[in-house]
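Visitor: The structure is given below, and queries will be raised subsequently.
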Ligand SMILES: [Zn+2]
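Numbering (my numbering), first residue to last: 1 to 354.
Okay, here's the thing in structure tokens:
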């Protein structure tokens, strides 16, 4: 479907309603996974906002991406998602705004500070649009109310590519001084961003940095073990597992960084997508899913739906499964439970002050 001009507002409520209906297979799979997890979980990568925090007319550039599927996810919906995916467990969450252009990030920051349950934490969302925004971000950080800082290369009116363009140094100085970790979602894979990683750890030696999505997109980069081995030399850098469904990527991160620097993140609400990655000969890696979301090209779907696995399931279940497979491949049977406790709870609790 074309997404360029004046798109009618997608029916986000229908999307959410569809996602809240698990299949029998998903329920069984979920229960088998949850049996292996601690009953208290810390999730360090959660997006949230209310419907009126989002102006769809400013978000055209994201509408062809799956990241635009659920621009509104309130705290109440977030709690419904817990009941769906981790029933009878306690999930504590680090929440922040959806990252794309068109989100009223100041309103989301206030909403989260005012409405988050006491057990949860909020990461400030800032944009580097102009001096006023940079000053706002510095002031908010100094307020002491936030446990993390997210800035993103696609959030300003013009897309940024260089790290210090979307995480300006005057903001990083404050983050370092108040000891708030940054959540860094790189425009390129971590393997292709090492010059910037080296620069930031040198320029800000006390700044803690969480690489979102283990610093990868789509596929396993060829030089990933060497990249993670270098990252391991920088003790303030750690990774979150959000969006990663490939056990080899998680295993490499665990092997190189150890169990203390890998943190469970869900990427909620995108963890509700039932998604499957395939390689299209013309378009490269692409997603297939189970519902005609506004970003789905119906002809592409029809031509490739035979590739979908019989039991396509929530990305969350794919992610947790990948994590557990990776942990059991890296840790001895004797140590697996300690790894799970660290990754699903202790590391997030320690790094974000839960
Ligand atoms: Zn995310």
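In this text, a Cβ means the ideal position worked out from N, Cα and C, and glycines have one as well.
(1) Tell me which same chain residues have a C-beta within less than 8 Å of the C-beta of residue 136, skipping the five on either side of it?
(2) Could you tell me whether any non-hydrogen atom of ligand 1 is closer than 8 Å to the CB of residue 348?
(3) Compare the C-alpha of residue 234 against each of 70, 220, 257, 249 and name the closest.
(4) Answer yes or no: the CB of residue 45 versus the heavy atoms of ligand 1, is any distance below 8 Å?
(5) Considering just the uninterrupted stretch of the alpha helix (DSSP H) at residue 259, what are its terminal residues?
(6) With DSSP collapsed to three states, give me the class of residue 14.
(7) Taking the C-alpha atoms as reference points, what is the distance between residue 22 and residue 84?
(8) Buried or exposed for residue 210, please, with buried defined as at least 16 other CB atoms from any protein chain shown within 10 angstroms of its CB.
(9) If you drop the 5 nearest sequence neighbours on each side, which residues of the same chain put their C-beta closer than 7 Å to that of residue 18?
(10) How would you label residue 251, buried or exposed, when you count the other beta carbons within 10 angstroms and need 16 or more for buried?
(11) Rounded to whole angstroms, what is the Cα-Cα separation between residue 1 and residue 223?
(12) Nearest-angstrom Cα distance between residue 199 and residue 172?
(13) State the DSSP-derived secondary structure class of residue 350, mapped to helix, strand or coil.
(14) Are residue 193 and residue 163 close, meaning C-beta to C-beta below 9 Å?
(15) Smallest Cα separation from residue 344: which of 321, 52, 205, 178?
(16) Indicate whether the contact test is met: 3 or more Cβ pairs, each with one atom in the region 98-115 and one in the region 145-159, closer than 8 Å.
(17) Would you mind stating whether residue 134 and residue 168 have Cβ atoms separated by less than 9 Å?
(18) Any heavy atom of ligand 1 inside 8 Å of the beta-carbon of residue 270?
(19) Could you spell out the range, first to last residue, of the beta strand (DSSP E) harbouring residue 285?
(20) Alpha carbon to alpha carbon, how far is residue 183 from residue 151? Give it in angstroms, no decimals.
(21) Could you tell me which of 14, 20, 9, 11 sits nearest to residue 268, measuring between CA atoms?
(22) Within a Cβ cutoff of 8 Å, which residues of the same chain sit near residue 179, ignoring the five residues on either side of it in sequence?
(23) Taking the beta carbon of residue 119 as the centre, do at least 16 other beta carbons fall within 10 Å, making it buried, or is it exposed?
(24) Give the DSSP-derived three-state secondary structure of residue 20 in the structure shown.
(25) Consider the C-beta atom of residue 61 and the heavy atoms of ligand 1; say whether any pair is separated by less than 8 Å.
(26) The beta strand (DSSP E) spanning residue 237 covers which residue range?
(27) Count the other CB atoms, across all protein chains shown, that sit within 10 Å of the CB of residue 185; report buried if there are 16 or more and exposed otherwise.
(28) Among the residues of its own chain, which have a CB less than 8 Å from the CB of residue 236, if the five just before and after it don't count?
(29) Is residue 83 helix, strand or coil by DSSP?
(30) Determine contact between the region 66-73 and the region 42-50, defined as no fewer than three beta-carbon pairs at a distance below 8 Å.
(31) Between residue 243 and ligand 1, is there a pair consisting of the residue's CB and a ligand heavy atom that are separated by less than 8 Å?
(32) What are the boundary residues of the beta strand (DSSP E) that includes residue 304?
(33) What did DSSP end up calling residue 45 once you bin it into helix, strand or coil?
Guide: Taking the coordinates as given:
(1) 106, 126
(2) no
(3) 257
(4) yes
(5) Unbroken run through residue 259: none, as it is neither H nor E.
(6) helix
(7) 8 Å
(8) buried
(9) 291
(10) buried
(11) Any reading at residue 1 needs caution, since the residue's pLDDT is 42, under 50, leaving its predicted position unreliable; the model's value is listed next. Cα to Cα, the separation comes out at about 36 Å.
(12) 13 Å
(13) helix
(14) yes
(15) 321
(16) yes
(17) yes
(18) yes
(19) 284-289
(20) 7 Å
(21) 20
(22) 206, 208
(23) exposed
(24) coil
(25) no
(26) 237-240
(27) buried
(28) 201, 205, 206, 207, 208, 209
(29) helix
(30) yes
(31) yes
(32) Not the beta strand (DSSP E): residue 304 falls in the alpha helix (DSSP H), residues 298-304.
(33) strand
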